[in-house]
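>
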Amino acid sequence: MPHSSCHHHHDGAAQKASTQQHDPVCGMPVKDDSPHSADYVGVHYRFCSARCLTKFQAAPLQYVAASEPSRSAAPAEAPLGALYTCPMHPEIRQASPGNCPICGMSLEPVLPELEEEDNPELIDLSRRFWWTLPLTVVVTVLAMAGHAMPLLHGSTQNWVELVLATPVTIWGGWVFFVRGVQSIRHRSPNMWTLIGLGTAAAYLYSVAATLVPQWFPAAFIQDGRIGVYFEAAAVIISLTLLGQMLELKARSQTSAAIKALLGLAPKTARRIGADGQEEDIPLTHVHVGDRLRVRPGEKVPVDGVVLEGESAVDESMLTGEPVPVTKRAEDALIGATMNTHGSLVMEARKIGGETMLAQIVQMVANAQRSKAPMQRMADAVAGYFVIGVIGIALLTFFGWGLLGPEAGWVFGLINAVAVLIIACPCALGLATPMSVMVSTGKAAGVGVLFRDASAIENLCKINTLIVDKTGTLTEGRPAFHSAVGAGDFADSAVLRLAASLDQGSEHPLAHAIVAEARQQGLSLVAPQTFESGSGIGVRGLVDGRQLQLGNTALMDEVGVDISPLRERAEQLREQGISIMYLAVDGQLGGLLAVADPIKGSAQQAVALLQQQGVSVIMATGDGLTTAKAVAKQLGIAAVHGEVKPQDKAQLVAAQQQLGRRVAMAGDGINDAPALASADVGIAMGTGTDVAMNSAQVTLVKGDLMGILRARTLSLATVQNMRQNLTFAFLYNAMGIPLAAGLLYPLTGHLLSPMIAALAMSVSSASVVFNALRLRRQRID
1 MPHSSCHHHH
11 DGAAQKASTQ
21 QHDPVCGMPV
31 KDDSPHSADY
41 VGVHYRFCSA
51 RCLTKFQAAP
61 LQYVAASEPS
71 RSAAPAEAPL
81 GALYTCPMHP
91 EIRQASPGNC
101 PICGMSLEPV
111 LPELEEEDNP
121 ELIDLSRRFW
131 WTLPLTVVVT
141 VLAMAGHAMP
151 LLHGSTQNWV
161 ELVLATPVTI
171 WGGWVFFVRG
181 VQSIRHRSPN
191 MWTLIGLGTA
201 AAYLYSVAAT
211 LVPQWFPAAF
221 IQDGRIGVYF
231 EAAAVIISLT
241 LLGQMLELKA
251 RSQTSAAIKA
261 LLGLAPKTAR
271 RIGADGQEED
281 IPLTHVHVGD
291 RLRVRPGEKV
301 PVDGVVLEGE
311 SAVDESMLTG
321 EPVPVTKRAE
331 DALIGATMNT
341 HGSLVMEARK
351 IGGETMLAQI
361 VQMVANAQRS
371 KAPMQRMADA
381 VAGYFVIGVI
391 GIALLTFFGW
401 GLLGPEAGWV
411 FGLINAVAVL
421 IIACPCALGL
431 ATPMSVMVST
441 GKAAGVGVLF
451 RDASAIENLC
461 KINTLIVDKT
471 GTLTEGRPAF
481 HSAVGAGDFA
491 DSAVLRLAAS
501 LDQGSEHPLA
511 HAIVAEARQQ
521 GLSLVAPQTF
531 ESGSGIGVRG
541 LVDGRQLQLG
551 NTALMDEVGV
561 DISPLRERAE
571 QLREQGISIM
581 YLAVDGQLGG
591 LLAVADPIKG
601 SAQQAVALLQ
611 QQGVSVIMAT
621 GDGLTTAKAV
631 AKQLGIAAVH
641 GEVKPQDKAQ
651 LVAAQQQLGR
661 RVAMAGDGIN
671 DAPALASADV
681 GIAMGTGTDV
691 AMNSAQVTLV
701 KGDLMGILRA
711 RTLSLATVQN
721 MRQNLTFAFL
731 YNAMGIPLAA
741 GLLYPLTGHL
751 LSPMIAALAM
761 SVSSASVVFN
771 ALRLRRQRID
């Protein structure tokens, strides 16, 4: 079975994957002349049957878009949406169901099916359990009654128990023996090694005692027969089957969050043709540039922008923002959000795997399949755990046999079996993955996206938060205040030039300037050149004039004297208004003032974070006076204004040198250096511009309450992981000595292998159910 180290980056492999030599739904080879085919995002897909085609058309994201970023992790021939992985070992990936070669656990889909289908493994185990359960009950009653008052004469009872227990052990437990053999063949001993050895030892000893009783010493004879343990083998198999059934059902609940996200996507869209005619088409037929109508009560089909109409759109399913957001012309729309009352006409901008929903699904799936740093200790222990348990079982067997009472070898065998059965490395292995899966799914429902498990673990350790101002502490939807000309430049000329240049900028302040110029009816021209990304402003060529538009740092960089407007700028900044200077051909042209109101939740969020011991620092490219005015209203003491991107990175480093654990929250583009150097980078953003790949945590709705939610969930998740690991270690630390019979001299009782099997099954299931408690965690 291949690991995820098989990477294919060359063009040939990519081409091979895209020509659909395999059905993307089921993975079967498909001939070029297959009658079942469909086009999606410019790629032609073929299918083996009409059923696979129907499933693909109902949810193409599952099979293509959402898995595309993971291509390199799969074999080149693997269908993109049908990869299977191990919950405990995410590096194991293959194109078909099976068992993990490391731990023997059954593999599960990287992306779950939207339509809930019966788990074939659960069906198989259930059938084996229910068909063999009556035999297990009968052989157990017979054995227990036989110890009290023999129901059958002498060795006859052994033969009856052999007939009853053999179907349970051989047929019912066949899957476990297969996994045990595979673990030895792969040189990766695991829980199935222990269960296989323990059950086989009890069963084979009992078979020998039944078939060749003359081989055994007279001391082994009780009530005219050699004591057998068929009931132990049968009960161990039945309880293990039951435990696996409970675990599979519980594990299926951990993928509920991704299923809910997949279910958000609408199945159809209403396209407006060039002739004005409207028709409902499958979502897979939508192309970039299509004009779509979104009627009241309908979901927005794909990411795009409003062309006509006005309505309130409920984005809570993706952003966690409970209040519907009013959308007008030129406002961005996120696919799968709900239009409440007005009718909108939109233009499709992003479809398929490029949509916000597809990226969220992919990010959640990747995070769920990542390992937490805390798990490394458990992995290191588990590597030697099984070998150690086998060693303890051998010591138990020979210790009782050589040093124990007259029937010490029998006691030794039973105690050795109990040791093998009660030890459960599965509980150790599941301790953190289950918590991570539930936590990432819970977080996605409130607009918090963790990149991986380490982000969850690190966020709760943060004690310093550095935040940007615009769009994080403020609304990020600035309103134009005024334009002031310098020298010979009229106010309207300053606005026209600045708006012409800003047409190429994505910054919220730029949007406010462009919108105001259009509202005043000023004629804007397209910039001949445009440059952004410096973090202190933009520059370009408009009407043959070289323009620079930005803060004081940009003016200093280009050598422009701002003293004529400094006093006016300070007056505006003291009101919390942002100022941008415009330089024209090396001379000061004027300034533009834009007001950005503080978010209603910001003050509460800052106060709550400070109550939790988190120091909040504002670092913004805006003027220091403006920054201090905003910070004063929010109760933030530490303020840094007019900082460049590299200054933010240096600020992060300075805090780390003081021994602080620093989180940096920014837009993920200009703040990239600081995000990369922080202990936890948090990408703040709204709509389709959110920079998901630039930070460890992404907040779909960019505000401080999102950070508070993420940190609260991080604390709860880490606590949950610690509970699981502590339980797993304590369980084995107490269970193994008890099973070995170390307390026998004090209590006079031994631990039955059947009780050990029950404890083993309960331990794994309890870890999963404890992780599922996170779904009820309050994070608002």
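The numbers in UniProt numbering rise by one with no breaks, and the one at position 254 of the sequence shown is 254.
Cβ coordinates follow ideal geometry from the N, Cα and C atoms, glycine included.
Note that the coordinates shown come from a computational prediction; the quantities given were computed from them, not determined experimentally.
Return the CA-CA distance between V25 and P373, expressed in angstroms with no decimal places.
34 Å
> For G289, which option in N551, V305 and D314 has the closest C-alpha, if you only look at C-alpha atoms?
Sorting N551, V305 and D314 by C-alpha distance to the C-alpha of G289 places V305 at the top.
> Along the chain, which unbroken stretches of the beta strand (DSSP E) at least 3 residues long are found entirely within the stretch 553-615?
DSSP runs (the beta strand (DSSP E)) wholly in the stretch 553-615: 577-584 and 587-595.
> Within the same chain, show all residues whose beta-carbon is closer than 7 Å to that of L708, passing over the 5 residues directly before and after it, in chain order.
Same-chain partners within the cutoff: A605, L608 and L609.
> Once you ignore the five residues that flank D703 on each side, which residues in its own chain have a CB closer than 6 Å to its CB?
K599 and S601
> Quick one, are the C-beta atoms of L591 and V446 less than 8 Å apart?
no
> Anyone know if the C-beta pair for M191 and G104 falls short of 8 Å?
yes
> Leaving out five residues before and five after L651 in sequence, what residues of the same chain have Cβ atoms less than 8 Å from its Cβ?
I466, I617, A619, H640, V643 and A674
> Using only alpha-carbon positions, find the residue among Q723, L743, L459 and T625 that is nearest to R660.
L459
> Could you tell me if P296 is buried or exposed, where buried requires 16 or more neighbouring beta carbons within 10 angstroms of its beta carbon?
exposed
> Find out if the Cβ-Cβ distance for the pair S563, T626 is shorter than 8 Å.
no
> Which of helix, strand or coil does DSSP assign to I536?
coil
> Is the Cβ-Cβ distance between A232 and A202 less than 8 Å?
yes
> Opposite I281 in the DSSP bridges: which residues?
A269
> Reducing DSSP to helix, strand and coil, say where I351 ends up.
coil
> I need the boundaries of the beta strand (DSSP E) containing T340, first residue and last residue.
Careful: T340 lies outside any beta strand (DSSP E) and carries neither H nor E.
> Can you tell me whether R51 is buried or exposed? The criterion is at least 16 other CB atoms within 10 Å of its CB, across all chains shown.
By the neighbour-count rule (16 or more Cβ atoms within 10 Å), R51 is not buried but exposed.
> Relative to the C-alpha of G410, which residue among K55, F397, S34 and F176 is closest?
Per the sequence shown, the amino acid found at residue 410 is Val instead of Gly. If we check each option's Cα against that of V410, F397 comes out closest.
> Using 8 Å for Cβ pairs, my map puts T199 next to T166. What's the rounded Cβ distance?
T199 to T166, Cβ: 12 Å. No contact.
> Does G445 come out as helix, strand or coil in the three-state DSSP assignment?
coil
> Using the Cα positions of L395 and V389, report the straight-line distance between them to the nearest angstrom.
10 Å
> Please report the Cβ distance between G309 and G342, rounded to the nearest whole angstrom; I am assuming they are in contact, meaning their Cβ atoms lie under 8 Å.
6 Å
> Which value, in whole angstroms, describes the spacing of the CA atoms of V313 and A695?
Approximately 27 Å between the Cα atoms of the pair.
> Kindly indicate the opening and closing residues of the beta strand (DSSP E) around G485.
Start and end: A479 to G485.
> Taking only the alpha-carbon atoms, compute the straight-line gap between Y731 and F769 and give it to the nearest angstrom.
CA-CA distance, Y731 to F769, rounds to 16 Å.
> Short of 7 Å in beta carbon distance, which residues of its chain neighbour G687, apart from the five on each side in sequence? Order them along the chain.
Note that G687 scores 35 on pLDDT, short of 50, meaning its location in the model is unreliable and no value can be drawn from it.
> If we ignore side chains and look at the alpha-carbon of each, how far apart do Q548 and A443 end up?
41 Å
> List the whole-angstrom C-beta distance separating P266 from A336, where the pair is believed to meet the contact cut-off of C-beta under 8 Å.
7 Å
> With DSSP as the reference, identify every bridge partner of L292, one or two as the case may be.
Answer is R271 and M346, bridged to L292.
> Since A418 and T432 should fall inside the 8 Å C-beta cutoff, what is the C-beta to C-beta distance between them, to a whole number of angstroms?
The Cβ separation is near 28 Å, so there is no contact.
> Exposed or buried, which one is Q359 when buried takes at least 16 other CB atoms within 10 Å?
Around the beta carbon of Q359, a 10 Å sphere encloses 16 or more other beta carbons of the protein chains shown; the residue is thus reported as buried.
> From A728, L111 and Q546, pick the residue whose C-alpha is nearest to that of L262; which is it?
L111
> Taking C-alpha atoms, which residue in S766, S106, A728 and E557 lies nearest to V178?
S106
> Should V325 and G441 be called a contact, given that it needs their Cβ atoms to be closer than 8 Å?
no
> From what residue to what residue does the beta strand (DSSP E) around D314 run?
S311 to D314
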